[in-house]
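Line by line, the protein sequences are chains A and B.
The numbering used here numbers the first residue of the first sequence as 1 and each following residue consecutively.
The numbering used here numbers the first residue of the second sequence as 1 and each following residue consecutively.
Ideal placement from N, C-alpha and C gives every residue a C-beta, glycine not left out.
All values derive from a computational prediction rather than experimental measurement.
Reading through the structure tokens given below for one structure.
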Amino acid sequence: MIKQTTYLSHSYGKPNSWTLSAYESAGGYRGVRKALALTREGVIEEAKKAHVRGRGGAGFDCGTKWSFMPKESKKPHYLVVNADEGEPGTFKDRSIMEMNPHSLIEGCIIGCYGIGAHACYIYVRDELHLSKARLWGAIREAKAKGYLGNNPFGKDYPVELYVHSGAGAYICGEETALLNSLEGRRGEPRLKPPFPAQYGAFGCPSTVNNVETLAIMASAFDMGCDEFSKLSELHPFNDGGARLFGVSGHVNRPGIYEAAVGLTLRELIYDLGGGVLQGRSILGVIPGGSSCPVHLPDELPTLPPDPRYDAYRGKSILDIPLGVDTFRSAGSMLGTCCAMVLSDAVDPVLALHNVMRFYRHESCGQCTPCREGCGWIERILNKVVEGKATIDELDRVHEIASNITGNTICAFGDGAAQPALAFIKRYRKHFEDYIVNGGKSQTRRLTV
Amino acid sequence: MAFALSAEAEQKLNEIMARYPNKMAACIPALHLCQEANDNWVSDDVIEFVAQRLELGTAHVKGVVTFYTLFNQKRPGKHQLWVCHTLSCAMRGAEDILHHCEKRLGVHVGGTSPDGKVTLRTAECLAACGTAPVIQVDKTYYENLSIADVDRILDGLVKGA
Ligand SMILES: Cc1cc2nc3c(=O)[nH]c(=O)nc-3n(C[C@H](O)[C@H](O)[C@H](O)COP(=O)(O)O)c2cc1C
Ligand code: SF4
Ligand code: FES
């Protein structure tokens, strides 16, 4: 059932929505006051009740992540905001930064207090110049009001926020690459452990959170985290609250929609997104960024025996509520909750070709399976498209992708292998047709 | 000729450096600042300058410059135009826009128009997929584009001083 909400998006499209006065007249900066009235431990206990699963893609529980930060340490702690939004198909964080930046500022103050940090860096990809300007503007306004600085809201707990700029590299969205980049190095992911909570920014305990994760925490604290969690149909799965859903590609009304967790892809595509362009049918849906597998619209996933899944048994992937665990159990991945819709006008061979070009371009090159594997897959797909590949080579893509999975420093490798495996599994006939017909396909295009 | 910043930009650099617990962390913001002051590219002199100011080895700074796509190692045209060609944009006509730009500007991707005004590039997902297709010109996004929109934007760039 669709339960549209407006915690983050109430201001979208309204004039001056990014200003402090607009934010406060809509009830902003109440959650942080409630948080600062608690002890640090109290903030973490409360945050856990929100069951906010990380909105950056991995879906780790936010309160639990905050609890990993050392209780006492001589080193300073840092909060680092991941605003590197670059996963193909994903465009939700930008909307927060441009249209509701104070929600992020508020979430950052709560986060800093919860993890024992006095400084927070917001790492924004360089291209988002408007986002950076709006964030700096919001920081200045909040500082002038005394919401940031030495005594936020009168509390003796100094908090400073800074905007930091990337320089064009998708891999810097991976949290340890982001930390290296923040430190002024090449954005290459680090081996884990140690995890950021032990050894993060500048060798100090750090928490990396996505923009939306922090922004929604402000609303959760305002409402009461337990009550906030229960907005979600997936509260029984500890996947709480409301979130932003995006839909792009071949739908009539692409964009960002906010709703309680538990929305389905069918609702997102047809009810919110206005259905498929020209009344076409769906060839495939990628649920949350290009690192997720593509799905056929009539796919029937096998769900675990757990009774919590009983309500969804026998349903198509389009009718299973979008949640971290529900999608993982269904053999998929939730990712960023920004779905890409491929109508039947799309040639899936060209779609995968496009996706794999992206991964080949963005691999940081540290791990041989990822660096070479992404290159090989792209070259084989080049040959497929040119009509010069063999069935043998198509099978080799499967082998190469399988060899990347699990054999790399960071999750980029898995993210690159997954689309290759999923596309070829589900549209194998299209790939074979290209090979058999010397590069001729029925559509040979991506547009309607 | 050695590279130097204006007094105003020096002030900015000092502000940037004050944000971080060490000097190295200012590397990327400092490179952005200098690149902008150097006709949008990072020359060897710029690398030398940043290395000295941040007390880093030039090899470190060079390593950073070469890692990130938005540091130009060659002087670009007066304007830089990026066409996003990742999947959501591609499904909404990015290839047509790219070809149109190539034709109108008389260059291939990566090149600069003969009048030196526009360098044409492709971009990977610009976080604007819901308003695809998208291009970025210098620091500005243009979204929901038709070919006619692109023509208007190009007219502005080509006619502009
Ligand atoms: C290749 C790669 C790219 C990523 N890009 C982003 C990104 O752009 N934004 C983001 O928030 N998380 C991104 N992540 C996930 C982060 O590593 C990290 O899990 C996240 O920032 C944690 O925040 P959260 O717990 O609040 O979701 C990426 C991960 C990988 C492996
Ligand atoms: S998996 Fe790929 S992106 Fe990640 S560290 Fe290895 S080479 Fe770099
Ligand atoms: S694919 Fe072009 S902005 Fe995302």
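Here residue 213 of chain A carries a helix assignment [DSSP, helix/strand/coil]. Using a Cβ-Cβ distance cut-off of 8 Å, the segment 168 to 175 of chain A and the segment 113 to 122 of chain A are not in contact, since fewer than three pairs of beta carbons, one from each stretch, lie closer than that value. Boundaries for residue 35 of chain B: no beta strand (DSSP E) harbours it, while the alpha helix (DSSP H) harbouring it runs 27 to 37, taken from the DSSP string. Under the DSSP assignment, residue 340 of chain A falls outside any alpha helix (DSSP H), being part of the beta strand (DSSP E) whose first and last residues are 338 to 343. For residue 389 of chain A, there is no enclosing beta strand (DSSP E), as DSSP marks it with neither H nor E. Neighbourhood of residue 89 of chain A in chain B, by CB distance below 9 Å: 86, 87, 88, 125 and 129, in chain order. For residue 5 of chain B, none of the residues of chain A pass the 9 Å Cβ criterion, the least Cβ distance being about 17 Å.
Put simply, the segment 277 to 291 of chain A touches the segment 84 to 96 of chain A. At least three CB pairs are less than 8 Å apart. By the neighbour-count criterion, in which 16 or more other beta carbons inside 10 Å mark a residue as buried, residue 48 of chain A falls on the buried side. When C-alpha distances from residue 111 of chain A are compared across A:34, A:389, A:346 and A:411, the shortest belongs to A:34. For residue 27 of chain B, the residues of chain A that pass the 7 Å Cβ criterion are 184, in the order they occur in the chain.
Classified as buried, residue 92 of chain A has 16 or more neighbouring CB atoms from the shown chains inside 10 Å of its CB.
Under the criterion of beta carbons closer than 8 Å, residue 352 of chain A and residue 420 of chain A qualify as touching, at roughly 7 Å.
Residue 49 of chain B has its CB no nearer than 7 Å to any heavy atom of ligand 3. Put simply, the backbone Cα of residue 403 of chain A is about 7 Å away from that of residue 369 of chain A. Residue 84 of chain B sits in a strand when the DSSP states are folded into three classes. Listed as beta-bridge partners of residue 82 of chain A by DSSP are A:123 and A:210.
When DSSP states are grouped into helix, strand and coil, residue 255 of chain A belongs to the strand group. Of all residues in the segment 326 to 360 of chain A, the ones placed with a Cβ closer than 9 Å to any Cβ belonging to chain B are 338, 340, 341, 342, 343, 345, 346, 350, 351, 354, 355, 357 and 358, in chain order. The set of residues with a C-beta under 7 Å from any non-hydrogen atom of ligand 2 comprises A:171, A:174, A:188, A:189, A:363, A:364, A:365, A:366, A:367, A:370, A:371, A:408, A:409, A:410, A:412 and A:413, given in chain order. Distance from residue 207 of chain A to residue 55 of chain A at the Cβ level is roughly 14 Å; contact not present, criterion being Cβ atoms closer than 8 Å. Cβ neighbours of residue 102 of chain B within its own chain (closer than 8 Å, five residues either side excluded): 108, 109 and 120. Going by DSSP, residue 245 of chain A is part of the beta strand (DSSP E) stretching over 242 to 249. Contact check for residue 345 of chain A and residue 250 of chain A: beta-carbon distance about 7 Å, within the 8 Å limit, so the pair qualifies. For residue 67 of chain B, the nearest CB of chain A lies under 8 Å from its own CB, placing it at the interface with that chain. Beta bridge pairing from DSSP links residue 272 of chain A with no other residue.
When Cβ-Cβ separations below 8 Å define contact, residue 218 of chain A makes no contact with chain B. Per DSSP, the beta bridge partners of residue 136 of chain B are B:82 and B:141. Counting only runs of 3+ residues, the beta strand (DSSP E) found wholly inside the segment 157 to 181 of chain A occupies 160 to 165, in chain order. The bridge partners DSSP lists for residue 279 of chain A come to none. Setting aside the 5 residues that flank it on each side, residue 203 of chain A is surrounded in the same chain by 75, each with a C-beta closer than 8 Å to its C-beta; the list follows chain order. Taking the Cβ of residue 125 of chain B as the reference point, at least one heavy atom of ligand 3 falls within a distance shorter than 7 Å. In this structure, residue 339 of chain A has its CB at a distance of at least 7 Å from all heavy atoms of ligand 3. Look at the beta carbons and you see the segment 18 to 32 of chain A touching the segment 218 to 237 of chain A: at least three pairs across the two are nearer than 8 Å. Listed along chain A are 162, each with a C-beta nearer than 7 Å to that of residue 19 of chain B. Inclusion of residue 132 of chain B in the 7 Å shell around ligand 3 follows from its C-beta lying nearer than that to a non-hydrogen atom of the ligand.
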